[in-house]
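Here the structure comes first, spelled out in structure tokens, and everything after it is commentary.
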Amino acid sequence: MGEFDSDRGLVIVPAGAGAGKTHRIKTQLSDWVKRKVVRPERILAVTFTEAAAGELRERIRAGLLADGLVAEAMAVERAYVSTIHGLGLRLLTEHALAAGASLQPRHLGDAERDLLIRQALAHARSLDPIKAEPERFGYQANWQKGETVEDSLRGRVLSMIDLLRGLGDKGRDPRLIAPALTRLDTIYGEVLTDPAAARDALVFAVRAMLASFPEGGMATVTAKGPRETLEKNLALLRRVEREPELLDRDWGLWQSLRSLFISNSRTKTPDGYDALAEAIMQAADVLPTHPGPLADAKLHLSCLIACAQEVMEAYEARKKALGLIDFADMIAGAERLLRTDPAVRQAVLDEIDCVIIDEFQDTNPVQFALLWQLGAKAPRTLLVGDVKQSIMGFQGADSRLSQALAAANPKATQPLDRNWRSTPAVMEFINAIGAGLFGAGYNPLAPTRDPVAGPALEILNVVKGRGVKKSSKPQEHIAERIAGILKTGELIIDRHTKAARSARPSDVALLVCRHATAARYAEELRARGVPVRIAEDGWAASLVVQAARAALSYAANPSDIHSGLLLRTLGPDPLSLQTAMAAQIDGLLADDPVLMRLAALSDRLARLSVSTALDVILDAASLRLWAARQPDAAAARADLLRLEAEASEFEAAHRDLKAASGFHGETAKVFLGWLDARAADRDFDRRPDPSGNSAEAVEIVTWHASKGREWPITVVAEFDHGIEEWPGSTASRFDALDKIDDMEAVLASAALIHLPGFAAPEAERRFIEDRRADFEANAKNLLYVALTRARDRLVLEWPSFIKERDEDSPEAKCLFHVFTDACAPQVSSGKLRIGAVACPSVITQMPEHAGFTEYLAGAITDTPRLGRATPLPAVTLTPWRLQPSQATTAQPAPETQGITLGTPWPRTVSDAARGTALHLALRTCLTRPDLITALPTATGLDDATLNLVAERAAALKTWLSADGYTDLLCEIPLLGHTTEGAEIPGMIDLLAVGPKGCLLIDHKTGGAGEGFGLYWPQLSSYADLVARLFPQHPLQGLAVFWIDHGRLELAQLPATEPKVITE
18 MGEFDSDRGL VIVPAGAGAG KTHRIKTQLS DWVKRKVVRP ERILAVTFTE AAAGELRERI
78 RAGLLADGLV AEAMAVERAY VSTIHGLGLR LLTEHALAAG ASLQPRHLGD AERDLLIRQA
138 LAHARSLDPI KAEPERFGYQ ANWQKGETVE DSLRGRVLSM IDLLRGLGDK GRDPRLIAPA
198 LTRLDTIYGE VLTDPAAARD ALVFAVRAML ASFPEGGMAT VTAKGPRETL EKNLALLRRV
258 EREPELLDRD WGLWQSLRSL FISNSRTKTP DGYDALAEAI MQAADVLPTH PGPLADAKLH
318 LSCLIACAQE VMEAYEARKK ALGLIDFADM IAGAERLLRT DPAVRQAVLD EIDCVIIDEF
378 QDTNPVQFAL LWQLGAKAPR TLLVGDVKQS IMGFQGADSR LSQALAAANP KATQPLDRNW
438 RSTPAVMEFI NAIGAGLFGA GYNPLAPTRD PVAGPALEIL NVVKGRGVKK SSKPQEHIAE
498 RIAGILKTGE LIIDRHTKAA RSARPSDVAL LVCRHATAAR YAEELRARGV PVRIAEDGWA
558 ASLVVQAARA ALSYAANPSD IHSGLLLRTL GPDPLSLQTA MAAQIDGLLA DDPVLMRLAA
618 LSDRLARLSV STALDVILDA ASLRLWAARQ PDAAAARADL LRLEAEASEF EAAHRDLKAA
678 SGFHGETAKV FLGWLDARAA DRDFDRRPDP SGNSAEAVEI VTWHASKGRE WPITVVAEFD
738 HGIEEWPGST ASRFDALDKI DDMEAVLASA ALIHLPGFAA PEAERRFIED RRADFEANAK
798 NLLYVALTRA RDRLVLEWPS FIKERDEDSP EAKCLFHVFT DACAPQVSSG KLRIGAVACP
858 SVITQMPEHA GFTEYLAGAI TDTPRLGRAT PLPAVTLTPW RLQPSQATTA QPAPETQGIT
918 LGTPWPRTVS DAARGTALHL ALRTCLTRPD LITALPTATG LDDATLNLVA ERAAALKTWL
978 SADGYTDLLC EIPLLGHTTE GAEIPGMIDL LAVGPKGCLL IDHKTGGAGE GFGLYWPQLS
1038 SYADLVARLF PQHPLQGLAV FWIDHGRLEL AQLPATEPKV ITE
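So the sequence shown is numbered by my numbering: it starts at 18 and just counts up by one.
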């Protein structure tokens, strides 16, 4: 970049917490628009959330209106202000031909994505070595979460897939594996030269012990604890004696043999036992340098990467064949398009006057490459962000990119220097900890708010940890303090009126690190009557969802007694379990009025879509009215709405994807099975928030989720949370960040950083220490985010219960360690000293047992109803959309002529290859034989099957040509309406056109292979549509091509009045 020009080129705005970055964006844009430098409709602004995009658009519009620029404010509606995924989708859609993408790509839902990946994963062979011995590689069942070994392994592969897809094209490169394995060798260090000798020495020591003490050394030991330990030790020794080959693969067994019981001051083992035990431990102590665990770690990582890449290849091919696109495609595909097609990039640049990018520090390298290809060449670019708040590393974000960009363009950097959020007293603390955490890289912010009365900083000194049983736990003390603040009406400054008032529940936020911890704090707050807003699990187990599912299941199958009992003992006007069971035993339960209403709907349900069926069932069982009368009516209604949304998502999911995963059909029972199969998906059980940001409740959020938020009173808890990543995690790193102007080189420098798990803690610690700088840097950013959310008061849960660090291992293990190492806090009477800054504080020593303050907010627990519910008059319902196969015709099926075009395929072929894949292959062979070589990847069909399809296509084409049909049109979309107004969308597989007219052919697989079967209504509907759409090609006949049977069933179209009108 050249000399800095405020109207052209690059402007980088580092914006600390509360510095007014959105205000800066708004004022800069307003200034540009006012001076005619930028036209509002030619603004390209990118954010990372839909909410942020909406807020930015409104702020820009409001700023222009405030300046009297009404026309310009209206033109903002045409500006492109969106998320980065929205930008990617726009580019791929507008330039679909250049990108080689579908002209109308359909976004792949999360459920469909998981189905596709799991389908591909089931056929992946790269994972076979781990599948053979999953326990050897650390995979275990988690029965508390209902997670099997297979679930654990699948979750690890899915995580690897997400990581690799975030690397763009580099994620598919097999050459990623070798450097990752070399890194494992380097960090693990020197290994034993003769592991077989080490094993033999250990076996010899074990046999010597058993020869001398076959009973395990328990002859002189009577104390229960030591005796139990010796019994466990004996079991280990006997296991090694029986199966010495275990020592070639069971590294946990080696580790267990490193810590056998020996005599202590209270318990003495028999003479000679300790010497033999120490010999065993000494022999086992070579484990940290044994090459076996390293070899397993390398095999494990290589299998994970190879499997992920294998699954990604199949997943991408399947998506492309179906015309689907997911969030990763929107980024990687758009970045590839701009990088490889300069004409497209220039066309986009020709449409914009400026590029605005918010939260730039949270971009991962692929996102950075996409945005920078526009930002680097746009007439003017404004980048706003704060590397100190870069906490999205778990999503691949790399703040070093924006740091490198700023370092390369120092004259373009304009940091904000004021804070508009917090009081001067709070800012004194924030500036002090900012300097401690980031040193010279921190720019202090000057407060703009006036001082306010009352404490700005509180320290709740908690001395008992989370595992105590006889004393109060930290969450009890925090809940008590929050209840006290609300009960006594402590004052805060209203953000809008600027006047002092009593604190309300919504003025308080509690920040924790984990959702599990959040639930414990919420429990204590609710026990004190404090309303709480929290993202928590339990949707599937909520009363209304269980009742709705039971009602739907019973209506679909009235013989499902279990569902009937569940509904009547759980739902509206419930029966007691004893009464319901007695009625069932007497055969009277089916006569219950509620169940009779549902049973009467059973036949009708088969003809309704799942979403319509669910709507009918909820009304028939009075579940909406019942939900509105629950103690937490808003949450109950939200749970029902979520269920209805799931029904709509089930309907929208691609039929072939559902079928491939074992979900055949669109019935209520299939939908319920679909929900059960998704129960293990991440966040599937998360309950929806019924109130948005308007709830009058204390909000409990994670430190990560607090970013970008602010509250008058912020309570920060769980400083004792660990900073080290779990063994088995993998991250990415880009080594060419010094080449920031060559993003292709940056992306090509991607490397995988794996943290393997080892039985020997010393080996595992070597890898943790290699990542320590990253862990601590992320912890500092997280601390800064959490401690800068308060407007008026910051309350800290001070974890004095954390043990002192050992002199042998002084490294930071938790957030509080990082805080104390960086800021050296000292608590004294009425002061918290951070470096040289003494911050006035209210310091409270928490008692051993917390008090119990009840706060009753007087919330309405039952929604008032004005009058009785009056049902609308009954009307005959007609579907708004019909599949062609659901259309009705008054004409009987015509006589058909069978034409043999080949011999039937073996059953194994027709069973293995169905639906979309065969249709795509047949269409390609008929109309684009030049693309046949791409069919194996696009369809997943093997060469033998594709050869059979090619033979079928050739036979059909020959027969059509002989009859004059030489122009073949495939997959023609149609849309018609019935006389009642229902839509009939359809897709004609093949329209063969010749001089005398056209022939309509529908491809089918399976079936009887004779006649039209159940497909005559569909063909009749298509015939009427073709007659209207193509009057220049009179319809000569209809045909069904039974692909796997090699038979064409042909019929002349009888003269009938049209039944549909087209659009």
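No residue lacks a Cβ here, since even glycine has one placed at the ideal position from N, Cα and C. These numbers come from a predicted model, not from an experiment.
Considering only the beta carbon of each residue, do residue i and residue j sit closer than 8 Å?
{"i": "Met235", "j": "Leu274", "result": "no"}
{"i": "Leu355", "j": "Ala395", "result": "no"}
{"i": "Leu209", "j": "Ala215", "result": "yes"}
{"i": "Ala807", "j": "Pro522", "result": "no"}
{"i": "Ala533", "j": "Ile551", "result": "no"}
{"i": "Leu170", "j": "Pro151", "result": "yes"}
{"i": "Arg585", "j": "Leu612", "result": "yes"}
{"i": "Leu247", "j": "Arg256", "result": "no"}
{"i": "Tyr1032", "j": "Asp1041", "result": "no"}
{"i": "Ile101", "j": "Ile369", "result": "no"}
{"i": "Asp375", "j": "Thr64", "result": "yes"}
{"i": "Ala90", "j": "Leu82", "result": "yes"}
{"i": "Ile1001", "j": "Gly993", "result": "yes"}
{"i": "Val854", "j": "Glu445", "result": "yes"}
Where do the N-terminal and C-terminal ends of the beta strand (DSSP E) with residue i fall, by residue?
{"i": "Ile916", "result": "Gln914 to Thr917"}
{"i": "Thr954", "result": "Unbroken run through Thr954 is the alpha helix (DSSP H), Leu952 to Thr956; no beta strand (DSSP E)."}
{"i": "Glu716", "result": "Val715 to Thr719"}
{"i": "Ser749", "result": "Thr747 to Phe751"}
By Cβ distance below 8 Å, which residues in the same chain neighbour residue i in space, the five residues on each side in sequence not counted?
{"i": "Ala776", "result": "Trp268, Gly269, Trp271, Gln272, Leu304 and Pro310"}
{"i": "Ala526", "result": "Val715, Glu716, Ile717, Val718, Ser723, Arg726, Trp728, Ile730, Thr731, Val732 and Arg806"}
{"i": "Asp186", "result": "Ala349, Arg353 and Leu764"}
By Cβ distance below 7 Å, which residues in the same chain neighbour residue i in space, the five residues on each side in sequence not counted?
{"i": "Thr917", "result": "Gly1063 and Arg1064"}
{"i": "Leu86", "result": "Val50 and Lys51"}
{"i": "Glu663", "result": "Leu692"}
{"i": "Arg362", "result": "Leu355 and Gln390"}
{"i": "Leu592", "result": "Arg585 and Thr586"}
{"i": "Gln492", "result": "Arg537, Tyr538 and Glu541"}
{"i": "Ile877", "result": "Confidence at Ile877 is low in this model, with a pLDDT of 45, below 50, so its placement is unreliable and no value can be given for it."}
{"i": "Gly774", "result": "Gly155, Pro744, Gly745 and Glu781"}
{"i": "Ala753", "result": "Ala762, Val763 and Ser766"}
Near residue i, what residues of its chain come up, given a Cβ to Cβ distance below 6 Å and the 5 sequence neighbours on each side ignored?
{"i": "Pro589", "result": "Ser639 and Trp643"}
{"i": "Val220", "result": "Pro261"}
First and last residue of the alpha helix (DSSP H) that includes residue i?
{"i": "Glu475", "result": "Here Glu475 belongs to no alpha helix (DSSP H); instead the beta strand (DSSP E) covers Leu474 to Val479."}
{"i": "Tyr97", "result": "Run containing Tyr97: none in the alpha helix (DSSP H); it sits in the beta strand (DSSP E), Tyr97 to Thr100."}
{"i": "Arg335", "result": "Pro308 to Leu339"}
{"i": "Trp743", "result": "Looking at the DSSP string, Trp743 is not in any alpha helix (DSSP H), and its letter there is neither H nor E."}
{"i": "Trp976", "result": "Asp960 to Ala979"}
{"i": "Ile634", "result": "Val627 to Ala637"}
{"i": "Pro31", "result": "Not the alpha helix (DSSP H): Pro31 falls in the beta strand (DSSP E), residues Gly26 to Pro31."}
{"i": "His1062", "result": "Note, His1062: premise wrong, no alpha helix (DSSP H); not H, not E."}
Quiz item: In the stretch 799-862, which residue ranges form an unbroken beta strand (DSSP E) of at least 3 residues, counting only runs that do not cross its ends?
Solution: 807-816, 843-845, 848-851, 854-857 and 859-862
Quiz item: Just checking, does the stretch 473-482 make contact with the stretch 448-459 on the three C-beta pairs under 8 Å criterion?
Solution: no
Self-check item: Validate contact between the stretch 813-831 and the stretch 729-737 using beta carbons, cut 8 Å, 3 pairs
Solution: yes
Quiz prompt | Segment contact flag, the stretch 828-839 with the stretch 762-769, C-beta cutoff 8 Å, min 3 pairs | solution = no
Quiz item: How about the stretch 741-759 and the stretch 691-699: do they share at least three Cβ pairs that are nearer than 8 Å?
Solution: no
Quiz item: Is there contact here, the stretch 322-332 with the stretch 138-145, by at least three beta-carbon pairs under 8 Å?
Solution: yes
Practice problem: Within the stretch 480-535, note down every full beta strand (DSSP E) run reaching 3 residues or more, in order along the chain. | Solution: 508-510, 517-519 and 525-529
Quiz item: Looking at C-beta atoms only, is the number of pairs between the stretch 62-76 and the stretch 105-114 that lie closer than 8 Å three or more?
Solution: Here the stretch 62-76 does not lie against the stretch 105-114, with fewer than 3 beta-carbon pairs under 8 Å apart.
Practice problem: Enumerate, from N- to C-terminal direction, the unbroken alpha helix (DSSP H) stretches of 4 or more residues contained entirely within the stretch 1003-1057. | Solution: Taken in chain order, the whole alpha helix (DSSP H) runs of length 4 or more contained in the stretch 1003-1057 are 1033-1046.
Practice problem: Evaluate the contact criterion for the stretch 505-519 versus the stretch 546-561: three or more CB pairs, one atom per stretch, below 8 Å. | Solution: Because the criterion of three Cβ pairs below 8 Å is not met, the stretch 505-519 and the stretch 546-561 do not touch.
Quiz prompt | the stretch 274-292 contacting the stretch 318-325, beta-carbon criterion three pairs below 8 Å | solution = no
Exercise. Identify every run of the alpha helix (DSSP H) within the stretch 755-793, keeping only runs that are complete inside it and at least 4 residues long; order them along the chain.
Key: 760-765 and 778-787
Self-check item: 3 or more residues per run - each beta strand (DSSP E) lying fully within the stretch 528-580
Solution: 549-551
Practice problem: Can you check the stretch 384-436 for any beta strand (DSSP E) of at least 3 residues that lies completely inside it and give the ranges in chain order? | Solution: 397-402
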